[in-house]
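A.B. asks: Numbering of the sequence shown is given in our numbering, commencing with residue 109 and proceeding in unit increments. The C-beta atom is built at its ideal place from N, Cα and C for all residues, glycine as well. Here the structure is a predicted model, which means the values were calculated and not measured. I am attaching a structure below and will ask some questions about it afterwards.
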Amino acid sequence: MKLLSELFLKIDGENKSILFGIPNSQGEMEKMFLLRQEVYKRNNYISTESDKDEYDKDGKSTYFIAKIGDDVIGTVRLIKDIPLPTQKECFDFQEPKEMKEISLVNRAELSRLISIPYKGKIYLPRHLILLFLIDCICEYAQQKDILGGYSFITSKLYDKMTKIRIPFHIVKNFKQKYPPTGLMYPYFNKKDNQIVPIYYKLDEIKGYLENLFKNKRMFEKIGENKIRLKDNLYNRFLKFLKII
Numbered sequence: 109m110k111l112l113s114e115l116f117l118k119i120d121g122e123n124k125s126i127l128f129g130i131p132n133s134q135g136e137m138e139k140m141f142l143l144r145q146e147v148y149k150r151n152n153y154i155s156t157e158s159d160k161d162e163y164d165k166d167g168k169s170t171y172f173i174a175k176i177g178d179d180v181i182g183t184v185r186l187i188k189d190i191p192l193p194t195q196k197e198c199f200d201f202q203e204p205k206e207m208k209e210i211s212l213v214n215r216a217e218l219s220r221l222i223s224i225p226y227k228g229k230i231y232l233p234r235h236l237i238l239l240f241l242i243d244c245i246c247e248y249a250q251q252k253d254i255l256g257g258y259s260f261i262t263s264k265l266y267d268k269m270t271k272i273r274i275p276f277h278i279v280k281n282f283k284q285k286y287p288p289t290g291l292m293y294p295y296f297n298k299k300d301n302q303i304v305p306i307y308y309k310l311d312e313i314k315g316y317l318e319n320l321f322k323n324k325r326m327f328e329k330i331g332e333n334k335i336r337l338k339d340n341l342y343n344r345f346l347k348f349l350k351i352i
């Protein structure tokens, strides 16, 4: 793994660290794809054995993972294409004004956002894991002149992201067009969990995360790109509220 950041915390009473970065070995890539496949099959999101698509096979994706030891517990991919998948094959909509201001070459799509429980029912701050993964994407995106883009997520995940105030913006007046022959067709047709298109601006996401990680009630910076999640009443209360 190309290490980008590290989160130290207590898990089930033990001191652990979660590593975040870009997978750079065949073993890490295999574990990441296996995690995606298991999550999507368990939730009946895919109609085939594998969730790999053209964006995996054609080299259009950059991957980011979270690890505890040798276990991959989270992943996000960043897709670079024109147009992006959300517009190309998933939804019809009028582009928001904010997105019209961003050139097509400066856009990228967040995709396959996954964070799983650690070893059964042991508590893990899954929302924070996604935020740390997105922070890694911000660092990478800055170097690649990416200014914003699209994504599509479940309405339940969007509600959770809204709860923690991450600046994802829902696209209004959209119409789904995902084809019945697509491998993600079951995902797009969950009656109890609608899929919604969203857009983001990199500067907003980066500013939000910088302010979050400066919160001294939650975090302690212990080195370059190393942060400790404090074991205190404040964070236990956030855990009780299911905010982290």
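Answer with buried or exposed for Gly177, where buried requires no fewer than 16 other C-beta atoms within 10 angstroms of its C-beta.
C.D. replies: Start at 1 with the first residue of the sequence shown, and residue 177 comes out as number 69. By the neighbour-count rule (16 or more Cβ atoms within 10 Å), Gly177 is not buried but exposed.
A.B. asks: Can you check whether the CB of Leu186 is closer than 8 Å to the CB of Ala216?
C.D. replies: Mapped onto the sequence shown, residue 216 falls at position 108. Mapped onto the sequence shown, residue 186 falls at position 78. In contact: Ala216 and Leu186 (Cβ atoms closer than 8 Å).
A.B. asks: Only counting the same chain, and skipping five residues up and downstream in sequence, which positions put a Cβ closer than 6 Å to that of Asp189?
C.D. replies: For the purposes of this step, residue 189 is taken as residue 81 along the sequence shown, with counting starting at 1. Taken in chain order, the residues that qualify are Lys168.
A.B. asks: Could you check where the alpha helix (DSSP H) with Leu143 kicks off and where it finishes?
C.D. replies: Numbered from its first residue, the sequence shown carries residue 143 at position 35. Where Leu143 is concerned, the enclosing alpha helix (DSSP H) stretches over Gln134 to Arg150.
A.B. asks: Less than 8 Å between the beta carbons of Ile224 and Leu143, yes or no?
C.D. replies: As a working mapping, residue 224 is identified with position 116 in the sequence shown. As a working mapping, residue 143 is identified with position 35 in the sequence shown. Yes, these two residues count as a Cβ contact at 8 Å.
A.B. asks: Return the residue from the list His277, Leu255, Gly257 and Gly256 that minimises the CA-CA distance to Leu265.
C.D. replies: Sequence index remark: in the sequence shown, residue 265 carries index 157 (1-based). Checking every option, the nearest Cα to that of Leu265 belongs to His277.
A.B. asks: If you run the structure through DSSP and keep just helix, strand and coil, what is Gly177?
C.D. replies: Within the sequence shown, residue 177 is the residue found at index 69, counting from 1. The answer is coil: DSSP assigns Gly177 none of H, G, I, E or B.
A.B. asks: For Glu247, which three-state DSSP category applies?
C.D. replies: Numbered from its first residue, the sequence shown carries residue 247 at position 139. DSSP places Glu247 in helix when its eight states are reduced to three.
A.B. asks: Considering only the alpha carbon of each residue, which of Ile181, Lys139 and Phe172 lies closest to Ser125?
C.D. replies: Taking the sequence shown and counting its residues from 1, one reaches residue 125 at position 17. Selected option, being the one with the closest Cα: Ile181.
A.B. asks: When DSSP labels each residue in this structure, what does Phe282 get in the three-state scheme?
C.D. replies: The residue labelled residue 282 in the question sits at position 174 within the sequence shown. Three-state DSSP puts Phe282 in coil, outside helix and strand.
A.B. asks: Quick check: what's the CA-CA separation for Lys338 versus Phe321?
C.D. replies: By one-based count along the sequence shown, residue 338 stands at place 230. By one-based count along the sequence shown, residue 321 stands at place 213. Answer to the nearest angstrom: the Cα atoms are 12 Å apart.
A.B. asks: Between Ile313 and Leu255, how many whole angstroms is the CB-CB distance? I'm expecting something under 8 Å.
C.D. replies: As a position in the sequence shown, residue 313 is number 205, starting the count at 1. As a position in the sequence shown, residue 255 is number 147, starting the count at 1. 11 Å between Cβ atoms; not a contact.
A.B. asks: What are the complete beta strand (DSSP E) segments, minimum 3 residues, inside the region 304 to 337?
C.D. replies: As far as the region 304 to 337 is concerned, its whole beta strand (DSSP E) runs of at least 3 residues are 327 to 331 and 334 to 337.
A.B. asks: Return the chain-ordered ranges of every alpha helix (DSSP H) run that is complete within the region 187 to 211 and spans a minimum of 4 residues.
C.D. replies: Listed in chain order, they are 205 to 208.
A.B. asks: Between which two residues does the beta strand (DSSP E) harbouring Phe296 extend?
C.D. replies: Taking the first residue of the sequence shown as position 1, residue 296 is located at position 188. Careful: Phe296 lies outside any beta strand (DSSP E), inside the alpha helix (DSSP H) at Tyr293 to Phe296.
A.B. asks: For Ser155, name the three-state secondary structure that DSSP assigns.
C.D. replies: For the purposes of this step, residue 155 is identified with residue 47 of the sequence shown, where counting begins at 1. Note: Ser155 maps to coil in three-state DSSP.
A.B. asks: How far does the alpha helix (DSSP H) with Lys160 in it reach, from first residue to last?
C.D. replies: Within the sequence shown, numbered from 1, the residue matching residue 160 stands at position 52. Per DSSP, Lys160 belongs to no alpha helix (DSSP H) and is neither H nor E.
A.B. asks: Identify which residue in Gly257, Gln134, Gln202 and Gly315 has its Cα closest to the Cα of Asn102.
C.D. replies: Examination of residue 102 is not possible in this model, given that the chain is present from 109 through 352 alone.
A.B. asks: Roughly how far, in whole angstroms, is the beta-carbon of Met326 from the beta-carbon of Asn301, given that I think they are within contact range, below 8 Å?
C.D. replies: Residue numbering aside, residue 326 sits at position 218 when the sequence shown is read from its first letter. Residue numbering aside, residue 301 sits at position 193 when the sequence shown is read from its first letter. No, Met326 and Asn301 are not in contact; Cβ-Cβ is about 29 Å, not under 8 Å.
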